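The structure under discussion appears below in the form of structure tokens.
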Amino acid sequence: MTETPLPQQVVDPETFRSIMSAFPSGVTVVTTLDSAGAPVGVTCSAACSVSQEPPLLLVCLHRASSVLAALVERGGFVVNFLRDNSAETSALFASRTGDRFASVPWEAQPRSGLPWLPWDTVAHAECQVVQTVEAGDHVVVLGAITQGAAHEARGPLLYWRRRYGTWPAEEDTMAVALTHATEG
Numbered sequence: 000m001t002e003t004p005l006p007q008q009v010v011d012p013e014t015f016r017s018i019m020s021a022f023p024s025g026v027t028v029v030t031t032l033d034s035a036g037a038p039v040g041v042t043c044s045a046a047c048s049v050s051q052e053p054p055l056l057l058v059c060l061h062r063a064s065s066v067l068a069a070l071v072e073r074g075g076f077v078v079n080f081l082r083d084n085s086a087e088t089s090a091l092f093a094s095r096t097g098d099r100f101a102s103v104p105w106e107a108q109p110r111s112g113l114p115w116l117p118w119d120t121v122a123h124a125e126c127q128v129v130q131t132v133e134a135g136d137h138v139v140v141l142g143a144i145t146q147g148a149a150h151e152a153r154g155p156l157l158y159w160r161r162r163y164g165t166w167p168a169e170e171d172t173m174a175v176a177l178t179h180a181t182e183g
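So in numbering that gives the first Met the number 0, spot 172 of the sequence shown is number 171, and the numbers just go up one at a time.
As structure tokens, this is what we get:
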């Protein structure tokens, strides 16, 4: 891998946030177990697929995150892809609340015991850490998906311009497509 030094001039943090907030993203909660076996998790909008063969995804977590430290130590994590009515869960896991799992139902994955949020997700992916890459104030974590599933037809929770949103209902999407088809 080739590294190139950063340019002398880069945008300020507010401009960076403004640019990145113009791109809608899905919202996930990354969960794992700490060294004592207690569930920990954090909201993450920086998650995406990397490869189908082998099945890899990535999440980006702040380098000072206790969840990052726990998932690297544990060697595994679950990416919980939040459903459209889970803005409160996202806000909870983005907060500094101590025991975030006290008010959110969760289940242990059968093989690993890692925490999954079944009532808040449209899908989940259990991953084994295969690589970490330091990138500025974050760490990119590559995970091999060892198990997981898509759960229901409800839409995902989205984040755009620093607000939560939802995907249009399938009926709404079909109505717009039909309107465009008859107008053309």
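Even for Gly, the Cβ is constructed at its ideal location relative to N, Cα and C. Note that the coordinates shown come from a computational prediction; the quantities given were computed from them, not determined experimentally.
I need the DSSP call for Val9, collapsed to helix, strand or coil. It is coil, neither helix nor strand.
What's the C-alpha gap between Tyr158 and Phe15? Going by the C-alpha atoms only, they are around 16 Å apart.
Would Val77 pass as a contact of Gln51 if the rule is Cβ separation under 8 Å? Gln51 sits away from Val77, with the two beta carbons spaced by 8 Å or more.
Step through the CB atoms of chain B and report whether any lies within less than 8 Å of the CB of Leu113. Reference to chain B is not applicable here, since this structure consists of a single protein chain.
Measure the beta-carbon distance from Gln130 to Leu113 and round it to whole angstroms, keeping in mind my assumption that it falls under 8 Å. Contact between Gln130 and Leu113 fails: their C-beta atoms lie close to 19 Å from each other, not under 8 Å.
Pair within 8 Å by beta-carbon distance, Cys43 and Leu57: Taking 8 Å as the cut-off, the Cβ atoms of Cys43 and Leu57 do not count as close.
Return the first residue and the last residue of the beta strand (DSSP E) that Glu133 is part of. Run containing Glu133: Thr120 to Ala134, per the beta strand (DSSP E) assignment.
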